[in-house]
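Heads up: the structure comes next, in structure tokens.
Protein chains in written order, with our numbering: chain A, 73 to 238; chain B, 129 to 461.
Laid out in structure tokens, this is it:
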């Protein structure tokens, strides 16, 4: 696994199960206010990773695709804090995002995961963890994590230790 | 005779209906927002709420007028409180509260998924059904396999772990350049196609009654990309037919297996995707007991099923208070 620096990490997941497990590791480390951007084509594994993250966060029910409703909310069992799972697949730009009240979601005391974030990049906070997923073979997926801001560099370092022990 | 007004605004249909004794439809009015959302290729929540606000009163007035009833002729008001889009649900629930409070009528908050079961009581005599009934609820937002043990009593057997069946139809329809909503468009394209032309994966998930359509969607995407790269003419009909067959195979087989395992007296096939003829045929062919699939006007979202469900809850003496709130994430059992 090549390690670039504190702000970047890339690795390959060999199966959906592994992707989900890595998501759990990441979800366990999240704090209220954290923002995860999940970029990748249809079928790249965004929802699979999101399911792991929400489980790691402690959500009481399993995350499913948010495409139909655009925003799904999952409360964790321990303290009822929300995790918002947002899908921008059908949005045409930042204006649409404001129309569906995304600015309200970002202001809430919870974790936010956004699929297809590149469609609304202009209105997203500059500090975040940006995860790019790439399809490489039937079950293999490439992951590229980029941290912007102090909090996310710490999160990335914690995740590296938790997932890879490095 | 008990007459109940049913109001439904959980997603993109503004609907109201009056039903007598939980089985006779006196009126059933639905204002669809499909055209409004078509430009986005899917339901847009904020727009949906606004459209509900504009349409809800005319729709209710039309339902009352068609039923030839005055407000004093109603016994209760039933309204969907979840699951669904929060803003859309609020329009229906607040309207129902206002009407019920103003007219001094009982208020009943209804689970949309439960109400889907009650559409069959609108098509056949009530004494025809014996429990347990197995329900396959398939739509844009739901893919659920539920056992109805008795009125108001449910056992959840399975659901999708990723995309809903209707959502898979929408996404594949979009990939194939078909119109929104994807369900009817893919079904139409599939008519001319060979369901065996492409061997798309079926996610059986072992013995589980859960469903997964994400891998299938990805397989269709890879196939489309490959054909694109080879600069071939896109065989849209074959792709649509092969995709549809993969969805239908899994839905029908899991339904048949659950019906036998739980010894259901019959299978109830409801939700928007249940309008798909290939699905109806396949479920009928594989399930070794009666299959009840209501007409399209009753298997898609409507107020009549809400009123019918409300009737049974009304008769059981259940009432909801003025503090009743919407429950966007409501589940069944």
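The C-beta atom is built at its ideal place from N, Cα and C for all residues, glycine as well.
One question on the structure: do residue 241(B) and residue 337(B) come within less than 7 Å of each other, judged by their Cβ atoms? no
Measure from the C-beta of residue 137(A) to each C-beta in chain B and report whether the shortest distance is under 7 Å. Taking 7 Å as the threshold, the shortest C-beta distance from residue 137(A) to chain B falls below it.
DSSP three-state assignment for residue 178(A), whether helix, strand or coil: helix
By Cβ distance, which residues of its chain are closer than 7 Å to residue 201(B), with the 5 residues on each side in sequence left out? Excluding residues within five positions, the ones whose Cβ falls inside 7 Å are 131.
Rounded straight-line distance, which links the Cα of residue 437(B) to that of residue 184(B): 20 Å
May I ask you to list the residues that DSSP assigns as paired with residue 215(A)? DSSP lists 83(A), 205(A) as partners of residue 215(A).
Just the C-alpha distance for residue 194(A) and residue 346(B), rounded to the nearest angstrom, thanks. Rounded to the nearest angstrom, the two C-alpha atoms are 28 Å apart.
Mind checking which residues open and close the alpha helix (DSSP H) that includes residue 129(B)? Per DSSP, residue 129(B) belongs to no alpha helix (DSSP H) and is neither H nor E.
Would you say residue 111(A) reaches chain B, if we count a Cβ-Cβ gap shorter than 7 Å as a contact? no
With a 10 Å radius around its C-beta and 16 neighbouring C-beta atoms as the bar for buried, classify residue 156(A) as buried or exposed. buried
Rounded to whole angstroms, what's the CA-CA distance from residue 260(B) to residue 390(B)? Just pull it up for me. Approximately 8 Å, taken between the alpha carbons.
Pull up the CB-CB distance for residue 148(A) and residue 168(B), whole angstroms please, since I reckon it's below 8 Å. That belief does not hold up - the Cβ atoms of residue 148(A) and residue 168(B) are roughly 31 Å apart, past 8 Å.
Span of the alpha helix (DSSP H) around residue 340(B): Segment: none, residue 340(B) is in no alpha helix (DSSP H) and carries neither H nor E.
Buried or exposed, going by whether 16 or more other CB atoms sit within 10 Å of the CB of residue 215(A)? buried
Name the two residues that bound the continuous alpha helix (DSSP H) containing residue 271(B). No alpha helix (DSSP H) holds residue 271(B); the beta strand (DSSP E) holding it covers 271-278.
Please name the residue in 264(B), 266(B), 284(B), 343(B) whose C-alpha comes closest to that of residue 300(B). 343(B)
Determine, using beta carbons only, whether residue 190(A) and residue 221(A) come nearer to each other than 7 Å. no
Grab me the residues of residue 91(A)'s own chain with a C-beta within less than 7 Å of its C-beta, minus the 5 sequence neighbours each way, in chain order. 85, 117, 120, 121, 124, 213
If you draw a straight line from the C-alpha of residue 297(B) to the C-alpha of residue 355(B), how long is it? 20 Å
Taking 7 Å as the CB-CB limit, is residue 119(A) close to chain B? For residue 119(A), at least one C-beta of chain B is nearer than 7 Å to its own C-beta.
To test your reading of the DSSP string, which unbroken alpha helix (DSSP H) runs of 4 or more residues are found completely within the stretch 218-290 of chain B? Secondary structure remark: continuous alpha helix (DSSP H) runs of at least 4 residues inside the stretch 218-290 of chain B, in chain order: 240-246.
Residue of 77(A), 106(A), 111(A), 130(A) minimising C-alpha distance to residue 96(A): It is 130(A) whose Cα lies nearest to the Cα of residue 96(A).
Leaving out five residues on either side along the sequence, give the residues of the same chain with a beta carbon under 7 Å from the beta carbon of residue 211(A). 86, 87, 88
Could you name the residues that DSSP lists as bridge partners for residue 308(B)? The secondary-structure analysis by DSSP pairs residue 308(B) with nothing; it has no beta-bridge partner.
In whole angstroms, give me the CA-to-CA distance for residue 405(B) and residue 315(B). 8 Å
Using the DSSP secondary-structure output, state which residues sit across from residue 143(A) in a beta bridge. 158(A)
Checking 7 Å against the spacing of the C-beta atoms, do residue 135(B) and residue 220(B) come in under that value? yes
Taking residue 87(A) as the query, report the chain B residues whose CB atoms sit under 7 Å from its CB, ordered along the chain. In chain order: nothing, as chain B lies at least about 12 Å away.
Could one say the Cβ of residue 393(B) lies closer than 7 Å to chain A's Cβ atoms, at least one of them? no
For residue 181(B), the first and last residue of its enclosing alpha helix (DSSP H): 173-194
Counterpart residues of residue 153(B) in DSSP-defined beta bridges: DSSP output for residue 153(B) lists 147(B) as bridge partner(s).
Is residue 174(B) close to chain A, meaning its C-beta is less than 7 Å from at least one C-beta of that chain? yes
DSSP beta-bridge partners for residue 107(A)? 184(A)
Bridge partners of residue 220(A), per DSSP? The partner list for residue 220(A) (beta bridge, DSSP) reads 200(A).
How close, in whole Å, do the beta carbons of residue 101(A) and residue 205(A) come, if the pair is a contact with beta carbons under 8 Å? Not quite, the Cβ-Cβ distance comes to about 19 Å (not below 8 Å), so this is no contact.
Return the chain-ordered ranges of every alpha helix (DSSP H) run that is complete within the stretch 353-408 of chain B and spans a minimum of 4 residues. 364-389
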